[in-house]
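J.:
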């Protein structure tokens, strides 16, 4: 056999799935992706505004953790605001975790937060004369209930008639926004401002009290408790096991004698309740007011957090912090170098792109064309 | 015979990940105008090898040549099914690649060049010409969802021929066919061969290999073992080449001892979501200490039957499934209208190995350990108890030789045979009084299959009522005590497995008997 006629070449690049990868290796890939993201951002920043990228990164860090002066203290006001916002985002992501683990696409966190916030504000306005402990119990229950109702409706329809939960939860957001507008108009203060203003500015009734003299310590305590609790619930409880089974295959769940409808409704009640609780934390622990932007898109950002963390609530802490840090840093450089908001969105986008891209390299490997040997 | 090769695969290696070597240095030639059987156990890499010829996978190393003759050879690179068709290679996969809501013509038109694709009349005529030439029967305007499995398969072959395939690869074509349909398929295969087409048939059924092929090539664990001319081959030679060592293919079937009615099924009717009766007025008794085989073409109601007993299937009124408690035979429990949990809570020890292992029997994303507690996780207060399932997982792993990196590795990542062992192991460990298995050995190699048969026989000897839904009639005849044959959702007869023949069962599977005969 002679005359080999090569008619076609092997494709230049092929993609194949990997086996599982050791942890350190995936960690290295992730770190490389962040370094690459910073380099690309640096190039982009330099091309746009001709500023030393290292200066820009320093500003980003300062934006999130305060400016580095001689008497720098780590726990300054900016750091605390970063921590507060991280806790807020984390709380919502933790709320979404059980629903997503069950493969129930709850994209209605936004509405659930708003309803929780409205319920909290209502308690602060109408029940401010109650003893503080009782007031907090009322606020807690009202916010949890409001969030749970907002998630119960889509869950019920899903369980009973198999409606599409994505559309349903999304539409519930708009209802919540309209309802919030209504209450903002109702509680308008001062009249004509079209805002509610700070609720109970003098007596601070229904505000989270400072713990150890720290304004946002209470937020940390509440949210971390829920985070740890959710980790244990999903990993070790029978209900957590049921959620995982239903999420993997409803048929397997029925085979195991699990009441799928019950699990869907119960899980969504928990998910909505925690999102409602986020509204409580947002109003009582942070803004002390209510507006249609109380949720501020965090209900959607939290979806990214939950997915990137693969529903591990402890990983969510890191990811929430990263996203809040990027946000704060981007705002800082936008104002410092007199740029508009789009630059900050760009930087956040570039960094997220690289982080998400690293997942691809963790799960797949590339095979390049080899040099062909001659066939005898 | 012409010694020119239509295709030559040389030193082909394909791995998945680091550990799974699907093919290793395989060299294989297919002559022009021959039927070549590619024989090997499940998991021996037959389908993977052929997928590389069909452009589904790309080899890690090795070469593919076409039109190999004394004057030269053409090296080709096949990186998509389109490339394969350009070279005249067409593959009929085990899972048909047809669009259900399209007609036969539309399915053939799909993916053709635009100019022809919309001329349905022309395509219909061409299909008819192909059918007449080789003896196919295809109704060009029938929608795929109205077709039987055999019709779908025929359509797939016609589709490949329409696209100019000269080399046809059939992946386990007979697995879904009745003996009669298989004969028809073999007839058209011979016609195609006469016409000069090369045909590769992937199979692990030895009798079919001997019947249809000119040569047999054997793969074992991804490696090429050898090729023999069929006229010089025998079942013994082929088995030895396939398995590597001589295996005793005897199932040790004991006479049933001390049988008593355990499940009394009467007038069981199930209506599926299209309003069609998937099961129609089925009555039978499953006895303790006996293996009741269930035969039928796939989709004849086997799934519904088992799921109705397991409490997973809605049943029509009038249906009755009575469970006779072993301890006290006057204590009879009605299972109709109860779900899986209620049945379990009634103390009915029912084990069920469903057909869809990862979609129903196991949780793919969990490890062996977590899967062991699927049926028992309710023990304990609020939190799950983990120690018992972990021990059980280790026990099943050792006893059934499950190959897995660890008992926490998601079972989705295990091979089909190992997944099945996990499932069967768990269900038997539950100490059932009724054990139902659907296609328990599908995808298992010969040795593992026999392990499973032995386990089932052990259960039978322990007095368990075993219900075995199978597709391999030879196994059903050797394993079961009685065989219940379903045809189109109806009970078409219960025969004694020791005296019946394959032909009788084949006939019962395809031809509904007259009503009065069943009664009589």
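Protein chains in written order, with our numbering: chain G, 1 to 376; chain H, 377 to 896.
Where is the CB? At the ideal position from N, CA and C, for every residue including glycine.
For residue 366 of chain G, which residues from the same chain have a beta carbon less than 7 Å from its beta carbon, with the 5 sequence-adjacent residues on both sides left out?
T.: Position 366 of the first chain, counting from 1, holds the residue named residue 366 of chain G. Same-chain partners within the cutoff: 13, 15.
J.: Would you kindly work out how many angstroms separate the C-alpha atoms of residue 707 of chain H and residue 700 of chain H, rounded to a whole number?
T.: Working through the second chain from its first residue, we reach residue 707 of chain H at position 331. Working through the second chain from its first residue, we reach residue 700 of chain H at position 324. Cα-Cα distance, rounded: 6 Å.
J.: Check whether the Cβ of residue 736 of chain H lies closer than 7 Å to any Cβ atom in chain G.
T.: Here residue 736 of chain H refers to the residue found at position 360 when the second chain is read from its first residue. It does; some Cβ of chain G falls within 7 Å.
J.: Answer yes or no: does any C-beta atom of chain H fall closer than 7 Å to that of residue 26 of chain G?
T.: The residue you call residue 26 of chain G lines up with position 26 of the first chain. So no, residue 26 of chain G is outside the interface.
J.: If you drop the 5 nearest sequence neighbours on each side, which residues of the same chain put their C-beta closer than 7 Å to that of residue 897 of chain H?
T.: Given a span of 377 to 896 for chain H in the structure shown, any question on residue 897 of chain H remains unanswerable.
J.: Give the single residue among G:188, G:78, G:211, G:319 whose Cα lies nearest to the Cα of residue 301 of chain G.
T.: Numbered from 1 along the first chain, position 301 holds the residue referred to as residue 301 of chain G. Among G:188, G:78, G:211, G:319, the Cα nearest to that of residue 301 of chain G belongs to G:319.
J.: Just list the alpha helix (DSSP H) runs in the stretch 323-374 of chain G, keeping only unbroken ones of 4 residues or longer that don't cross its boundaries, in chain order.
T.: Within the stretch 323-374 of chain G, the complete alpha helix (DSSP H) runs of at least 4 residues are 341-363.
J.: On the DSSP letters alone, give me the boundaries of the alpha helix (DSSP H) that residue 12 of chain G sits inside.
T.: What you label residue 12 of chain G is simply residue 12 of the first chain in a count that begins at 1. Segment: none, residue 12 of chain G is in no alpha helix (DSSP H) and carries neither H nor E.
J.: So, at 8 Å on beta carbons, what are the nonlocal neighbours of residue 152 of chain G in its own chain, with the 5 sequence-adjacent residues on each side left out?
T.: Position 152 of the first chain holds residue 152 of chain G. These residues qualify, in order along the chain: 265, 268, 269, 272.
J.: For the structure I just gave you, are there three or more beta carbon pairs, one from the stretch 215-225 of chain G and one from the stretch 707-721 of chain H, closer than 8 Å?
T.: Cβ pair count under 8 Å is below three, so no.
J.: If you measure beta-carbon to beta-carbon, which residues of the stretch 737-756 of chain H are closer than 8 Å to chain G?
T.: If the cut-off is 8 Å between Cβ atoms, the stretch 737-756 of chain H has 737, 738, 739, 740, 741, 742, 746, 749, 750, 751, 753, 754, 756 near chain G.
J.: Measure the C-alpha to C-alpha separation of residue 538 of chain H and residue 776 of chain H and round it to an integer number of angstroms.
T.: Counting from 1 along the second chain, the entry for residue 538 of chain H is found at position 162. Counting from 1 along the second chain, the entry for residue 776 of chain H is found at position 400. The straight-line gap from Cα to Cα measures roughly 47 Å.
J.: Is the CB-CB distance between residue 199 of chain G and residue 124 of chain G below 7 Å?
T.: Residue 199 of chain G sits at position 199 when you count from the first residue of the first chain. Residue 124 of chain G sits at position 124 when you count from the first residue of the first chain. Contact: yes.
J.: Classify residue 444 of chain H as helix, strand or coil using the three-state DSSP reduction.
T.: On the second chain, position 68 is the one that residue 444 of chain H refers to. It is a strand residue.
J.: At a Cβ cut of 9 Å, what residues of the stretch 708-721 of chain H count as close to chain G, listed as they run along the chain?
T.: Correct list: 715, 716, 717, 718, 719, 720, 721.
J.: Check for me: the beta strand (DSSP E) holding residue 603 of chain H runs from which residue to which?
T.: By 1-based counting over the second chain, the position of residue 603 of chain H is 227. Element bounds for residue 603 of chain H: 599-605.
J.: Measure the alpha-carbon distance for residue 323 of chain G versus residue 146 of chain G and round it to whole angstroms.
T.: In the first chain, the residue the question calls residue 323 of chain G occupies position 323. In the first chain, the residue the question calls residue 146 of chain G occupies position 146. If you take the alpha carbons of residue 323 of chain G and residue 146 of chain G, they lie about 27 Å apart.
J.: Tell me the rounded alpha-carbon separation between residue 347 of chain G and residue 308 of chain G.
T.: Reading the first chain from its first residue, position 347 is the one you call residue 347 of chain G. Reading the first chain from its first residue, position 308 is the one you call residue 308 of chain G. Their Cα atoms are separated by approximately 18 Å.
J.: With a threshold of 8 Å, are at least 3 pairs of Cβ atoms found where one atom belongs to the stretch 34-49 of chain G and the other to the stretch 350-357 of chain G?
T.: The stretch 34-49 of chain G vs the stretch 350-357 of chain G: in contact.
J.: With distances taken between CB atoms, is the gap from residue 96 of chain G to residue 109 of chain G smaller than 7 Å?
T.: Reading the first chain from its first residue, position 96 is the one you call residue 96 of chain G. Reading the first chain from its first residue, position 109 is the one you call residue 109 of chain G. Going by C-beta atoms, residue 96 of chain G is nearer than 7 Å to residue 109 of chain G.
J.: Note the first and the last residue of the continuous alpha helix (DSSP H) segment covering residue 558 of chain H.
T.: Here the question's residue 558 of chain H lines up with position 182 in the second chain. Unbroken alpha helix (DSSP H) run through residue 558 of chain H: 555-570.
J.: DSSP has residue 844 of chain H in a bridge; who is on the other side?
T.: For the purposes of this step, residue 844 of chain H is taken as the residue at position 468 of the second chain. For residue 844 of chain H, which the question treats as bridged, DSSP gives the partners H:669, H:813.
J.: Got a sec? Which residues, its chain only, sit under 6 Å from residue 806 of chain H by beta carbon, not counting five neighbours each side?
T.: On the second chain, position 430 is the one that residue 806 of chain H refers to. Result list for residue 806 of chain H: 727, in chain order.
J.: Closer than 8 Å between beta carbons: that is the criterion. Which residues of the stretch 219-237 of chain G meet it against chain H?
T.: Those would be 236, 237, in chain order.
J.: Please name the residue in H:692, H:629, H:657 whose C-alpha comes closest to that of residue 649 of chain H.
T.: Residue numbering aside, residue 649 of chain H sits at position 273 when the second chain is read from its first letter. Nearest of H:692, H:629, H:657 to residue 649 of chain H, Cα basis: H:692.
J.: Run down chain A in chain order and give the residues with a C-beta less than 9 Å from the C-beta of residue 14 of chain G.
T.: No chain A is present in this structure, whose protein chains are G and H.
J.: Given residue 88 of chain G, which residues of its chain have a CB within under 7 Å of its CB, disregarding the five upstream and five downstream residues?
T.: In the first chain, counting from the first residue as 1, residue 88 of chain G sits at position 88. Cβ within range, chain order: 278, 281, 282, 286, 298.
J.: Is there a Cβ from chain H that is less than 7 Å from the Cβ of residue 252 of chain G?
T.: Against the first chain, residue 252 of chain G aligns to sequence position 252. At least one chain H Cβ lies under 7 Å of residue 252 of chain G.
J.: In the DSSP output, what is residue 727 of chain H paired with across the bridge?
T.: Translated into positions along the second chain, residue 727 of chain H becomes position 351. DSSP output for residue 727 of chain H lists H:811 as bridge partner(s).
J.: In whole angstroms, give me the CA-to-CA distance for residue 216 of chain G and residue 28 of chain G.
T.: Within the first chain, residue 216 of chain G is the residue found at index 216, counting from 1. Within the first chain, residue 28 of chain G is the residue found at index 28, counting from 1. Distance between the alpha carbons of residue 216 of chain G and residue 28 of chain G is about 34 Å.
J.: Grab the span of the alpha helix (DSSP H) containing residue 57 of chain G for me, first residue to last.
T.: For the purposes of this step, residue 57 of chain G is taken as residue 57 along the first chain, with counting starting at 1. Counting along the chain, the alpha helix (DSSP H) containing residue 57 of chain G begins and ends at 53-65.
J.: Taking Cβ positions only, does residue 798 of chain H come closer than 7 Å to chain G?
T.: Counting from one through the second chain, the residue named residue 798 of chain H turns up at place 422. Not closer than 7 Å to any Cβ of chain G, the Cβ of residue 798 of chain H fails to qualify, so no.
J.: Quickly, what does DSSP pair residue 466 of chain H with across the bridge? List them, please.
T.: On the second chain, position 90 is the one that residue 466 of chain H refers to. The partner list for residue 466 of chain H (beta bridge, DSSP) reads H:544.
J.: Tell me which residue opens and which closes the alpha helix (DSSP H) that residue 378 of chain G is part of.
T.: Shown here, chain G extends from 1 to 376; a query on residue 378 of chain G therefore has no answer.
J.: In chain G, what lies closer than 7 Å to residue 688 of chain H by C-beta?
T.: Within the second chain, numbered from 1, the residue matching residue 688 of chain H stands at position 312. Simply 254, 255.
J.: Going by DSSP in three states, residue 879 of chain H sits in which element: helix, strand or coil?
T.: In the second chain, counting from the first residue as 1, residue 879 of chain H sits at position 503. DSSP places residue 879 of chain H in helix when its eight states are reduced to three.
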